[in-house]
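Protein chains in written order, with the working numbering: chain A, 9 to 351; chain B, 9 to 351. What follows is a short report on a single structure.
Number of protein chains: 2
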Amino acid sequence: MTTLSGTGPRRVRRATMSDVARLAGVSIKTVSRVVNDEPGVHQATAERVLAAIDQLGFRRNLSARNLRRGSSAGIVGLVMEDVANPFYSELTGAVEEVARQHGRHVLAASSGEDPDRERELALEFCARRVDGLIVVPAGVQHGYLVPEMRAGTPAVFVDRPAGDVVADTVLVDNIGGTVAAVQHLARYGHRRIAFLGDAPDIFTAAERLRGFREGCARAGVRYDEDLVAMGPHDAPGIGATLRRLLRGPEPATALVTGNNRITVLVLRALAGQRDRPALVGFDDFELADLVNPPVTVIAHDVAALGRTAAELLFARLDGDGAPPRRVVLPVRLVTRGSGEVPA
Amino acid sequence: MTTLSGTGPRRVRRATMSDVARLAGVSIKTVSRVVNDEPGVHQATAERVLAAIDQLGFRRNLSARNLRRGSSAGIVGLVMEDVANPFYSELTGAVEEVARQHGRHVLAASSGEDPDRERELALEFCARRVDGLIVVPAGVQHGYLVPEMRAGTPAVFVDRPAGDVVADTVLVDNIGGTVAAVQHLARYGHRRIAFLGDAPDIFTAAERLRGFREGCARAGVRYDEDLVAMGPHDAPGIGATLRRLLRGPEPATALVTGNNRITVLVLRALAGQRDRPALVGFDDFELADLVNPPVTVIAHDVAALGRTAAELLFARLDGDGAPPRRVVLPVRLVTRGSGEVPA
DNA sequence: TCCGGGCATGACAACGTTGTCCGGGACCGG
DNA sequence: CCGGTCCCGGACAACGTTGTCATGCCCGGA
Chain A
9 MTTLSGTGPR RVRRATMSDV ARLAGVSIKT VSRVVNDEPG VHQATAERVL AAIDQLGFRR
69 NLSARNLRRG SSAGIVGLVM EDVANPFYSE LTGAVEEVAR QHGRHVLAAS SGEDPDRERE
129 LALEFCARRV DGLIVVPAGV QHGYLVPEMR AGTPAVFVDR PAGDVVADTV LVDNIGGTVA
189 AVQHLARYGH RRIAFLGDAP DIFTAAERLR GFREGCARAG VRYDEDLVAM GPHDAPGIGA
249 TLRRLLRGPE PATALVTGNN RITVLVLRAL AGQRDRPALV GFDDFELADL VNPPVTVIAH
309 DVAALGRTAA ELLFARLDGD GAPPRRVVLP VRLVTRGSGE VPA
Chain B
9 MTTLSGTGPR RVRRATMSDV ARLAGVSIKT VSRVVNDEPG VHQATAERVL AAIDQLGFRR
69 NLSARNLRRG SSAGIVGLVM EDVANPFYSE LTGAVEEVAR QHGRHVLAAS SGEDPDRERE
129 LALEFCARRV DGLIVVPAGV QHGYLVPEMR AGTPAVFVDR PAGDVVADTV LVDNIGGTVA
189 AVQHLARYGH RRIAFLGDAP DIFTAAERLR GFREGCARAG VRYDEDLVAM GPHDAPGIGA
249 TLRRLLRGPE PATALVTGNN RITVLVLRAL AGQRDRPALV GFDDFELADL VNPPVTVIAH
309 DVAALGRTAA ELLFARLDGD GAPPRRVVLP VRLVTRGSGE VPA
C-alpha cells in the first residue's frame, strides 16, 4: 500500500530519454529504439534500458513524439452546449466509441450555447492540432473555421447546420417530426394544439416550429400564434405559460414540446393536475414510458447522430474528398398513450 | 457562403511561423513576438505579420509551444465507466466547470468497467502529459499510477477508492445511505426487505450491501440472504429476480436498489402491476418524482462529487503537499411517498 | 592479411515554438 | 561629429522525441 500525495520528492521533473540514457549508459537513440520496439538492440542493452526506465518511472512524452513525427495528435475535439446534458452525453458516448475504433480520444467541451465561447473552444482545439472537430453549432457564423478546415482540420456539424459554411452536417428530420406530432394529435380530434419551443434563434427550435405550422396546415388545424410559446423557458416561466395556454374560451387541449428539457419542465409543472392535456414531446427520454400517463414522443437515435458524424469525420481524415454531405436522420413517432387522449 | 470539405487544396501542410516569417519578410522571432503580443515590434511590421498570418491561416501549434515552455498541457484526464451514463456526465460537467475556471480542458474516456482499459487510458493520458487525472476506479490495483504520481501527475479518485494506493479520494456515504433506507422502510412496518445491488466486486455495491446489513441490524429486521440479489443485472434477469423475491410464504414487501440503473430496471419490470412493493433507490434520477408512485431515493450531489475532486486536484497542482485526503460526501433520504406504503 | 558485410550503437538534425542574447540603426545631447 | 541609449529585429539554442546516416566491431572468405 503506497501513500501518495504531493508529499515525497517535491514535484520532480519528469524523466526524459536523456535521463534514462545516462542511467543506462547508452545513447538517447538507443533508448528510443527500446521504447519503440525497434530491432537492432542487443538484449542485454535493452534490459539495462528497461531497468533504467523502470527505476526513473520514465514515460515517453507523446506531445514531443507527435511533434517530431508529424503524426496526428490522436484527439478529436467535440464542442457542444453542455456535456452534462444526457442528450449530449449520449452523443459523446457514440463519438467516443467510433473514435476509439480509430485509435483516438475525445476532447469535449461545453459552449453553453454561447457562439463566442464555441468559437474560442473550436479554435483552441485547432491550435492543439486535434485531428478533427465535431461541433454542435451555437451560433450562425462559422467562417472562422474556414482557414482551419483549409489547413486540414476537418469539421463536421451535428444537430444543427453551420451558419455560413457548407460542410459535412448531420441533422435529424425536425420538420417531419413535428408534422407527424401534429397529425397524430389531430387524428385524435385535437383542434387546439399548442407548441412550446426553445429559443427561436436555435436552428432546431425554428425548424420544429416550421414543422408545427406545416403540420397544422396539413392536418387542417388552425395555426394560432397565441398557442405558440418559444423559449428560453425555465420552471417558473413554464407554469405561467401553461396557465395562459390552458385557460380561456378556447384553451389548448394538446401540447407539442420542442425538446426533452421542455417536456420535463411541462411534466413537472402539470404534475398532480387532474387531467393533463395530450402531449407529444420532441426527443425521447428515459422513463418517458413510466411517467403517468406515459409520454408520446418524437424519438430519434442520438447515438446514430454521434456515430454518423464521427464516421463522416474519419472518412475525411482517411482522405475522402467528396463534396460536403448533409445527412438527415429519420425520426419516429413513439406513441405511448398520452396522445390518444381525445380532445 | 464557403463550401468546404476535403476538396480544394489537398490537405495542405499547416503554415508555421517560418512560413509566416518568409511571407512577411521578417524573422521567425518577430512572428512569435506578434503572436504573443510581446512589445518591441514596430506597428508597421506587426501589421505585415498579421496580414501574412491571416493569408496563410496560421495558428500557432500549442503542443510545440507547451513543449518549449515546459508549461502544462492545459488538460486534465478523466477516466470513468461510461461517458454516456447521465450519472457520469453530470460528474464530467462539474469537473469541466472547475477545470474551466483554472483554464484547462477535460479529456474524458470510458473504461467500460474494465481495469485493463482503465490502466491503459490513464497511462496514455500521463504520456500525453495531462496536468492531472481524475479516476473512477474500475479495478482494485492502482500501483501503476505510483510512478506517474511521483513524477508529478496528481490523481484523485472519485466514487470509489483506489485499490492499493492511498491518495486523494472523494466518496459518498454509501453505508449511511443504505442504513437510512432500511430504517426508513422499517419505520413503516416493513420486515421483509430485499436488496438488489450491483456486482459485489464494485466498491460502492459492496459498501451499500454492508450498509443494508447494518441497517437491518439497527432496525431490528432479520437479514435474510435469500432477499439479496447482487448483479450484474439486466432487463430479463431482473424480472426473474423480482418474481423470486416477491413470491413465496414470506415475500419481500419492500425493495432497496443499489444504483440508478437498477432502480430503473426494477421500475420497468414492475410497471403495470397493481401494487408495487415499497421502493427506495440509491442515487436520485430525473423524473423520480414523476413516475407513479414517485420513488423515494437516497440522493447525493453528483456535481459536488466532481467539483470536490477537481478542486482537490487543482489544489495539488497549486502545490498543496498535505497528506492525502479522503472526503466523504453526505447523502440525503428524499422521501417521495413510495416508501411510506405500509407493509 | 585484407576486405566486405552485418550488427549494435551513436551523432546529429529536425519537428514548431520561445527564451536569451546580440547587432545595427535612429536619435539625442554635448 | 562622437558616444550613449533606445528600439527593432534576428541568430541561435533548447524543449523531448525520432529519422537519417555514420561509425566501430566482429566475422567469414579470399
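C-beta: ideal position from N, C-alpha, C; glycine also.
Assigned secondary structure, residue i (DSSP; H/G/I helix, E/B strand, else coil)
i: A175 of chain B; result: coil
i: F165 of chain A; result: strand
i: R282 of chain B; result: coil
i: H113 of chain B; result: strand
i: A202 of chain A; result: strand
i: G345 of chain A; result: coil
i: R226 of chain B; result: helix
i: G245 of chain A; result: helix
i: I210 of chain B; result: coil
i: L287 of chain A; result: strand
i: P24 of chain A; result: The sequence shown places Thr at residue 24 of chain A, rather than the Pro named in the question. Correct three-state label for T24 of chain A: coil.
i: T304 of chain A; result: strand
i: G85 of chain B; result: strand
i: T265 of chain A; result: strand
i: T15 of chain B; result: Unreliable placement is indicated for T15 of chain B, whose pLDDT of 43 sits below 50; the coordinate value is still reported in the next sentence. DSSP places T15 of chain B in coil when its eight states are reduced to three.
i: R340 of chain A; result: strand
i: G369 of chain A; result: There is no way to answer for residue 369 of chain A, as the model of chain A reaches only from 9 to 351.
i: A92 of chain B; result: coil
i: S118 of chain A; result: strand
i: R334 of chain A; result: strand
i: L141 of chain A; result: strand
i: A260 of chain A; result: coil
Residues near residue i in its chain [Cβ-Cβ closer than 6 Å; skip 5 each side]
i: V164 of chain B; result: I142, D176, A317, L320, L321
i: V174 of chain A; result: P332
i: F293 of chain B; result: N268
i: A116 of chain A; result: L86, V91, T100
i: Y231 of chain B; result: R221, C224
i: A170 of chain A; result: P145, H150
Close-in-space but distant-in-sequence residues of the same chain around residue i (CB under 8 Å, 5 per side omitted)
i: R344 of chain A; result: A296, D297, P301, P302, V303, T304, V305
i: V34 of chain A; result: T53, R56, V57
i: R217 of chain A; result: With the sequence shown as reference, residue 217 of chain A is identified as Leu, and Arg is not the correct amino acid for it. For L217 of chain A, where only same-chain residues beyond five positions count, the Cβ hits under 8 Å are T186, F203, G205, P208, V236, M238, G266.
Residue burial classification, residue i (beta-carbon count within 10 angstroms, cutoff 16)
i: G184 of chain A; result: buried
i: D283 of chain A; result: exposed
i: S79 of chain B; result: exposed
i: A159 of chain B; result: buried
i: D62 of chain B; result: exposed
i: R251 of chain A; result: exposed
i: P17 of chain B; result: Only weak support exists for where P17 of chain B lies, its pLDDT of 43 falling under 50; the coordinates are left without a value.
i: V336 of chain A; result: exposed
i: G151 of chain A; result: exposed
i: M25 of chain A; result: buried
i: S13 of chain B; result: Note that S13 of chain B scores 49 on pLDDT, short of 50, meaning its location in the model is unreliable; the coordinates nonetheless yield the value given after this. It counts as buried.
i: G289 of chain A; result: buried
Beta-carbon neighbours of residue i, restricted to chain B and to distances below 7 Å
i: H113 of chain A; result: L115, A117
i: N182 of chain A; result: Residues of chain B passing the Cβ test: none, with the nearest at roughly 21 Å.
Residue i: contacting residues in chain A (beta-carbon distance under 8 Å)
i: N69 of chain B; result: L75, A135, R137
i: E5 of chain B; result: Residue numbering for chain B in the displayed model covers 9 to 351; residue 5 of chain B lies beyond these limits and cannot be assessed.
i: D7 of chain B; result: Because residue 7 of chain B is not part of the residues shown, which for chain B are 9 to 351, the question remains open.
i: S97 of chain B; result: V91, A92, N93, P94, Y96, S97, T100
i: L179 of chain B; result: Within chain A, no residue comes near L179 of chain B; the closest Cβ sits about 17 Å away, beyond 8 Å.
Sequence-distant residues of the same chain with beta carbon closer than 7 Å to residue i, five excluded per side
i: A227 of chain A; result: V190, Q191, A194
i: A146 of chain B; result: E89, S119, E121, D122, P123, E126
i: L325 of chain A; result: D139, G140, P162
i: I246 of chain A; result: L273, V274, A277
i: G327 of chain B; result: none
Per-residue contacts from residue i into chain A (C-beta, under 9 Å)
i: L141 of chain B; result: Simply none; closest approach about 12 Å.
i: R284 of chain B; result: Residues of chain A passing the Cβ test: none, with the nearest at roughly 11 Å.
Closer than 9 Å at the beta carbon, the chain B residues around residue i
i: E294 of chain A; result: P94, V272, F293, E294, L295
Residues that residue i contacts on chain A, provided the C-beta gap is smaller than 7 Å
i: P155 of chain B; result: G65
Interface partners of residue i on chain B, CB under 8 Å
i: E46 of chain A; result: None at all; the shortest Cβ gap to chain B is about 18 Å.
Checklist entry - Within the chosen definition, does the stretch 265-280 of chain A reach the stretch 204-213 of chain A through at least 3 CB pairs nearer than 8 Å? => result Using a C-beta cut-off of 8 Å, the stretch 265-280 of chain A makes contact with the stretch 204-213 of chain A, since at least three inter-stretch Cβ pairs fall below that distance.
Checklist entry - Below 8 Å, can you find three or more Cβ-Cβ pairs linking the stretch 30-49 of chain A to the stretch 97-109 of chain A? => result Result no; under three Cβ-Cβ pairs closer than 8 Å.
Checklist entry - Any chance the stretch 128-135 of chain B sits against the stretch 69-87 of chain B, with 3 or more Cβ pairs inside 8 Å? => result The stretch 128-135 of chain B, when compared against the stretch 69-87 of chain B, does touch it at the 8 Å Cβ threshold.
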